[in-house]
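Peer 1: For the sequence shown, the working numbering begins at 216 and goes up steadily by one. Would you mind keeping the following structure in view while I ask a few things?
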Amino acid sequence: MWPVLALAAVLSVAHALATPAFWPVDETSHVAYADHLAYELAVPRIDDPIPVTLDYPGLDDRIGWERVQLRYGRQDIWTANHPPLAYAGQAVGLRVGTAIAGPGFGMFLARLTSTAWLVVGVWASMQLAFLLAPARRDRRRMTPVEVAYAAGTLVAVTPTLSHLGGLVFNDVPAFALSTLVLYHGVRAAVGGLTPRRLQLLGVVAGLAALTRVTALPAVGIAVLLGAYGWWRDPVAMRVPARTRSLVLAGLAFVPAAVFWLRNIVVYGDLTGSAYLLAKFERDLNTPVEELVPDRFFWLKLWDRMLADLTTGHWAVGTRAHITEAVLLLVLAGVAWWAAQRLFLRRTPPPGGRGTAESTIVLDTRARSGRLAAALRAHPARVAWAGCAVVNAALLVSMVQFHAAGGSLHGRYMIGGMAITATVMVLAIDGLPWVGRHLAVAVALPLFIVNASLVQALNIHQSGTWSRIDIDLVLPLFAGEATETVTLLLAAVGVALLATITVQHRRSPRPRVDGGAESRRAGRYDVSVPNRSSRESAAL
């Protein structure tokens, strides 16, 4: 997996270098939050002002520009409604970097903590895609390992994620832990819930709940998937370690519960969104009932989710056309899949429906409950349903937030990016003749969009702003060498992408007559829950 992980890191570092300090307006508040946590060891409040004593390069100029524009709310730590976990890592980067080479290097190390989280998220995306991918014997379709590589590559080259992975934001830590907790939830659902898996699921879920509110849907669904795995295979938990595991998993949720209860007490609701919207005097946007049928709204959201930066609307022109072409490929794959299910004839199973064997099975299911039997027999479908609920919950909350006056940010949807990438790969792979090749090749245009955004930051000199009242010049971490360094990183990215493509072509194909062992290669044996250890060795 190292080329995919290295590709994610290289693109993220390129964005960290090309994006001037405090160019995204939210970064002022995120850095102030991390600094407050580092030196005060306490969570700030939304109305706490950003201290004038902070000497991070570019911060004074940025705050001065906000003051001239009469945007007083932007001079506070308005991101204090977020949990502190992501900022704890950034606080370490600020303090260590400042001690080594000054505040500028401290801020750069804080940005690199987001890069580290992105690498974790890409790894978790590949693991999750591997578990969700169907085990196929058709040479024209991708194996679970290939699906994992392709989905991880798509996540690694997504421009929005690369950009956020180079900033002092908390979106990427939330994405990484959301994906990681979903992976553990799906693993427990498909392979059974053992004490060790319960402990891992509880700890990761507790950490994810301490990153951002967008991680809460993944936490809730992962817990339900874990409970389903316990119900499906209760024998695995009938050991003395069960009580200890439950206590550990429960304790992992205590810090997150304390923080979210604090939000309710201090700001009046779980997320503090209403408090923030009132603070910034936001007016209502288009109502939900008008947004839902508006196809331009959905296209804009798709473009911004894949290829937008945190300042301005950069997913326009050719970049938007490329992302929308990818969407058309995905929709074509879904349409082909639906046509196969609806119109193409399927060969009935041997023995038909009237055999004695099928009658016995039906009688057994009738006694134990048909729904329960169906749920136990199809853990992969249950896992997919849970993942779909995560993305649906993120989508509904984002639409409601936008209608209430919030900005339309595609990054609010990246908590489900691993699921989206897996669906994209499987949908395109299902296209006839060239589907599996397109599923791999679709990473190339997204990589081009990613590189073009980095170059646009260089060409447009985004750190230099001219207004009637003030000129703003924000510093770059690599100075005049920024464009040269980012071009070199882009070249390394091309080499890594080529390496990944070669790995796809050399991956072993499943045997046509391999029997049960071929059908279950790299997957859990769902007929005997919790009896397989191949999942850790398959990648």
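Where is the CB? At the ideal position from N, CA and C, for every residue including glycine.
For residue 515, tell me which candidate among 448, 602, 529 has the shortest Cα-Cα distance.
Peer 2: Translated into positions along the sequence shown, residue 515 becomes position 300. When each option's Cα is compared against that of residue 515, the closest is 529.
Peer 1: How about residue 441 and residue 413: are their beta carbons less than 8 Å apart?
Peer 2: Locating residue 441 in the sequence shown gives position 226, where the first residue counts as 1. Locating residue 413 in the sequence shown gives position 198, where the first residue counts as 1. Yes, the pair counts as a contact, with Cβ atoms nearer than the cut-off.
Peer 1: Let me confirm a value: residue 362 is counted as buried when at least 16 other C-beta atoms fall within 10 Å, else exposed. Which label applies?
Peer 2: The residue given as residue 362 occupies position 147 in the sequence shown. With 16 or more Cβ atoms within 10 Å of its Cβ, residue 362 is classed as buried.
Peer 1: In or out: residue 658 buried (at least 16 other Cβ within 10 Å) or exposed?
Peer 2: Here residue 658 is taken as the residue at index 443 of the sequence shown, counted from 1. Buried: at least 16 other Cβ atoms inside 10 Å.
Peer 1: How would you label residue 676, buried or exposed, when you count the other beta carbons within 10 angstroms and need 16 or more for buried?
Peer 2: Mapped onto the sequence shown, residue 676 falls at position 461. Counting Cβ neighbours within 10 Å, residue 676 comes out exposed, since fewer than 16 surround it.
Peer 1: List the endpoints of the continuous alpha helix (DSSP H) containing residue 516.
Peer 2: The sequence position of residue 516 within the sequence shown is 301, counting from 1. Its alpha helix (DSSP H) spans residues 510-522.
Peer 1: Nearest to residue 328 by alpha carbon, out of 296, 365, 308, 620?
Peer 2: Reading the sequence shown from its first residue, position 113 is the one you call residue 328. Among 296, 365, 308, 620, the Cα nearest to that of residue 328 belongs to 308.
Peer 1: If we define contact as Cβ-Cβ less than 8 Å, is residue 269 a contact residue for chain B?
Peer 2: Within the model displayed, chain B is absent; a lone protein chain is all it includes.
Peer 1: Tell me whether residue 264 sits in a helix, a strand or coil according to DSSP, three-state version.
Peer 2: Within the sequence shown, numbered from 1, the residue matching residue 264 stands at position 49. The answer is strand: DSSP assigns residue 264 an E or B state.
Peer 1: For the beta strand (DSSP E) that residue 688 lies in, which residues bound it at each end?
Peer 2: If you number the sequence shown from 1, residue 688 lands on position 473. Here the beta strand (DSSP E) through residue 688 covers 686-688.
Peer 1: Terminal residues of the continuous alpha helix (DSSP H) containing residue 373?
Peer 2: As a working mapping, residue 373 is identified with position 158 in the sequence shown. Segment: none, residue 373 is in no alpha helix (DSSP H) and carries neither H nor E.
Peer 1: Could you check the C-alpha separation between residue 248 and residue 350 for me, to the nearest Å?
Peer 2: Along the sequence shown, one-based indexing puts residue 248 at 33. Along the sequence shown, one-based indexing puts residue 350 at 135. So the alpha carbons of these two residues sit roughly 46 Å apart.
Peer 1: Looking only at DSSP bridge pairs, what is residue 680 linked to?
Peer 2: Taking the sequence shown and counting its residues from 1, the one referred to as residue 680 is at position 465. Beta-bridge pairing links residue 680 to 687.
Peer 1: Quick check: what's the CA-CA separation for residue 617 versus residue 498?
Peer 2: Reading the sequence shown from its first residue, position 402 is the one you call residue 617. Reading the sequence shown from its first residue, position 283 is the one you call residue 498. Distance between the alpha carbons of residue 617 and residue 498: 10 Å.
Peer 1: Output the distance between the C-alpha atoms of residue 376 and residue 500, rounded to the nearest integer angstrom.
Peer 2: To locate residue 376, count along the sequence shown from 1; it is residue 161. To locate residue 500, count along the sequence shown from 1; it is residue 285. Near 26 Å, if we compare the C-alpha coordinates of residue 500 and residue 376.
Peer 1: Opposite residue 291 in the DSSP bridges: which residues?
Peer 2: Within the sequence shown, residue 291 is the residue found at index 76, counting from 1. The partner list for residue 291 (beta bridge, DSSP) reads 264.
Peer 1: Are there 16 or more other CB atoms within 10 angstroms of the CB of residue 502, so buried, or fewer, so exposed?
Peer 2: Position 287 of the sequence shown, counted from the start, is the residue given in the question as residue 502. Exposed: under 16 other Cβ atoms inside 10 Å.
Peer 1: Is residue 347 near residue 551, with beta carbons less than 8 Å apart?
Peer 2: Here residue 347 refers to the residue found at position 132 when the sequence shown is read from its first residue. Here residue 551 refers to the residue found at position 336 when the sequence shown is read from its first residue. Not a contact, by the Cβ cut-off of 8 Å.
Peer 1: Just curious, the alpha helix (DSSP H) that residue 248 is in, first and last residue?
Peer 2: Counting from one through the sequence shown, the residue named residue 248 turns up at place 33. Run containing residue 248: 241-255, per the alpha helix (DSSP H) assignment.
Peer 1: Using only alpha-carbon positions, find the residue among 233, 386, 330 that is nearest to residue 297.
Peer 2: As a working note, residue 297 is residue 82 in the sequence shown. Out of 233, 386, 330, 386 has the C-alpha closest to the C-alpha of residue 297.
Peer 1: To the nearest angstrom, how far is the alpha carbon of residue 480 from that of residue 469?
Peer 2: Position 265 of the sequence shown, counted from the start, is the residue given in the question as residue 480. Position 254 of the sequence shown, counted from the start, is the residue given in the question as residue 469. One C-alpha to the other measures close to 17 Å.
Peer 1: Under 8 Å, do residue 673 and residue 701 count as touching if we go by C-beta distance?
Peer 2: Position 458 of the sequence shown, counting from 1, holds the residue named residue 673. Position 486 of the sequence shown, counting from 1, holds the residue named residue 701. Result yes, Cβ atoms of residue 673 and residue 701 sit closer than 8 Å.
Peer 1: Looking at C-alpha atoms only, which residue of 265, 396, 429, 463 is the closest neighbour of residue 439?
Peer 2: In the sequence shown, counting from the first residue as 1, residue 439 sits at position 224. Ranking the options by Cα distance to residue 439, first place goes to 396.
Peer 1: Does residue 284 come out as helix, strand or coil in the three-state DSSP assignment?
Peer 2: Here the question's residue 284 lines up with position 69 in the sequence shown. Coil.
Peer 1: Please classify residue 271: does DSSP put it in a helix, a strand, or coil?
Peer 2: Working through the sequence shown from its first residue, we reach residue 271 at position 56. Residue 271 falls in the coil class under three-state DSSP.
Peer 1: Exposed or buried, residue 317, counting other C-beta atoms within 10 Å across all chains shown (16 or more means buried)?
Peer 2: Walking along the sequence shown from the start, residue 317 turns up at place 102. When all chains shown are included, residue 317 counts as exposed.
Peer 1: According to DSSP, simplified to helix, strand and coil, what is residue 579?
Peer 2: Sequence index remark: in the sequence shown, residue 579 carries index 364 (1-based). Residue placement at residue 579 is poorly supported in this model, since its pLDDT is 46, which falls under 50; the coordinates still yield a value, given next. Residue 579: helix per DSSP, three-state reduction.
Peer 1: Could you give the distance in angstroms between the alpha-carbon of residue 445 and the alpha-carbon of residue 593?
Peer 2: Along the sequence shown, read from residue 1 onward, the residue named residue 445 stands at position 230. Along the sequence shown, read from residue 1 onward, the residue named residue 593 stands at position 378. C-alpha separation (whole angstroms): 14 Å.
Peer 1: Determine the closest residue to residue 433 out of 290, 353, 610, 691, with distance taken between C-alpha atoms.
Peer 2: One-based indexing of the sequence shown puts residue 433 at position 218. When each option's Cα is compared against that of residue 433, the closest is 610.
Peer 1: Nearest CA to the CA of residue 692: which residue from 326, 424, 494, 505?
Peer 2: Against the sequence shown, residue 692 aligns to sequence position 477. The residue with the shortest Cα to Cα distance from residue 692 is 326.
Peer 1: Around the C-beta of residue 504, are 16 or more other C-beta atoms found within 10 angstroms, so that it is buried, or is it exposed?
Peer 2: Against the sequence shown, residue 504 aligns to sequence position 289. Flag for residue 504 reads exposed.
Peer 1: Measuring only the C-alpha atoms, how far is residue 383 from residue 245?
Peer 2: The residue given as residue 383 occupies position 168 in the sequence shown. The residue given as residue 245 occupies position 30 in the sequence shown. Whole-angstrom Cα-Cα distance: 6 Å.
Peer 1: Can you have a look at residue 242 and say buried or exposed, based on whether 16 or more other CB atoms are within 10 angstroms of its CB?
Peer 2: Working through the sequence shown from its first residue, we reach residue 242 at position 27. Looking at its Cβ environment, which holds 16 or more other Cβ atoms inside 10 Å, residue 242 is buried.
Peer 1: Mapping the DSSP letters down to three states, classify residue 500 as helix, strand or coil.
Peer 2: In the sequence shown, the residue the question calls residue 500 occupies position 285. It is coil, neither helix nor strand.
Peer 1: Please confirm whether residue 443 and residue 597 have their CB atoms less than 8 Å apart.
Peer 2: In the sequence shown, the residue the question calls residue 443 occupies position 228. In the sequence shown, the residue the question calls residue 597 occupies position 382. Yes; because the gap between Cβ atoms is below 8 Å, this pair is in contact.
Peer 1: Run through the segment 343-400 for me and flag every whole alpha helix (DSSP H) of 4 or more residues, listed as ranges in chain order.
Peer 2: Taking only runs of at least 4 residues, the alpha helix (DSSP H) segments lying wholly in the segment 343-400 are 359-372, 374-379.
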